[in-house]
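*Asks:* Residue numbers for the sequence shown follow the working numbering, so the first one is 28 and each next one is one higher.
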Amino acid sequence: KLFDWLSGPNSIVQSKFNAVDAAYQGLQQATARISEAPGVICNAPYKSTWYVPSGDSYMSTLLQDAQADYLWSDTQGTGGIPLDFEAVFAKGHAAPFWINPGYAESKKDLSGKDARLKEFTAYAMGNIYNNTKRVSASGGNDYWESGIVNPHLILADLIRIFHPQTLPDHELYYYQRLTE
């Protein structure tokens with residue numbers, strides 16, 4: 028909207044903003060009738076600390092809008108909550124989904140960093156998704172570059188992951204499932 032103001036009265040920024048807003052709200056409405064919200068954990072340990080998104084973070088909001096049960100949604104704050112492995116395992120080991128596990132490109136890569144990660148239900152079920160589908164050869168991740176202005180695409184990916192029957196024709200844009 029700042030660019031709209033700077034660009035003057037003929038700018039198309041407001042119409043693009045309105046289109047993204049309408050798309051996002053339409054996706055929210057599509058999930059409103061879903062009664063079951065699967066549990067989900069986020070991120071992965073880094074140097075013996077596991078930072079999970081706080082309950083007021085954008086990620087927590089996206090997960091709630093996708094009708095997922097984010098296990099730390101009841102916390103306050105917008106940043107990350109530093110936890111040890113045991114705290115995350117105690118609360119999240121049975122969650123059927125796991126998203127954004129850091130720099131992992133495969134399940135083997137993830138468990139190679141810490142063998143205990145194999146003990147999570149999401150690992151055993153193969154329900155680990157990372158936001159690395161659109162990474163350039165030089166390592167730039169489009170999720171962090173264009174996702175900020177395309178929250179509707181992120182939300183659509185998350186809905187497709189957690190409730191595939193809701194968006195059966197949606198092809199994941201930013202996310203990909205980790206395989207062996």
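For every residue, glycine included, the Cβ atom is placed at its ideal position computed from N, Cα and C. Remember, it's a predicted structure, so these values are computed and weren't measured experimentally.
Quick one: what does DSSP say N127 is sitting in, helix, strand or coil?
*Replies:* Indexing the sequence shown from 1 puts residue 127 at position 100. Coil at N127, not helix or strand.
*Asks:* How should K45 be labelled, buried or exposed, when 16 other C-beta atoms within 10 angstroms of its C-beta is the threshold for buried?
*Replies:* For the purposes of this step, residue 45 is identified with residue 18 of the sequence shown, where counting begins at 1. Note that residue 45 is Asn in the sequence shown, not Lys. Exposed is the call here.
*Asks:* Using the three-state DSSP reduction, which class does W77 fall into: helix, strand or coil?
*Replies:* Here residue 77 corresponds to residue number 50 of the sequence shown, with the count starting at 1. If DSSP states are grouped into helix, strand and coil, W77 belongs with the strands.
*Asks:* Among A71, L110, Q55, G82, which one has its Cα closest to the Cα of Q103?
*Replies:* As a working note, residue 103 is residue 76 in the sequence shown. Ranking the options by Cα distance to Q103, first place goes to G82.
*Asks:* To the nearest whole angstrom, what separates the beta carbons of G107 and V79, a pair I think is in contact under 8 Å?
*Replies:* Your numbering for residue 107 matches position 80 in the sequence shown. Your numbering for residue 79 matches position 52 in the sequence shown. Right, the Cβ-Cβ distance comes to about 7 Å (below 8 Å), so this counts as a contact.
*Asks:* Pick helix, strand or coil for P109, following the three-state DSSP scheme.
*Replies:* As a first step, residue 109 must be located in the sequence shown, where it is residue number 82. If DSSP states are grouped into helix, strand and coil, P109 belongs with the strands.
*Asks:* Compare the C-alpha of I186 against each of K43, V47, Q41, I61 and name the closest.
*Replies:* Taking the sequence shown and counting its residues from 1, one reaches residue 186 at position 159. For I186, the nearest C-alpha among the options comes from I61.
*Asks:* Which one of S133, Q203, N177 has the shortest CA to CA distance from F189?
*Replies:* Start at 1 with the first residue of the sequence shown, and residue 189 comes out as number 162. For F189, the closest C-alpha among the options S133, Q203, N177 is that of Q203.
*Asks:* Rounded to whole angstroms, what's the CA-CA distance from A49 to P195? Just pull it up for me.
*Replies:* For the purposes of this step, residue 49 is identified with residue 22 of the sequence shown, where counting begins at 1. For the purposes of this step, residue 195 is identified with residue 168 of the sequence shown, where counting begins at 1. For the pair A49 and P195, the Cα-to-Cα distance works out to about 20 Å.
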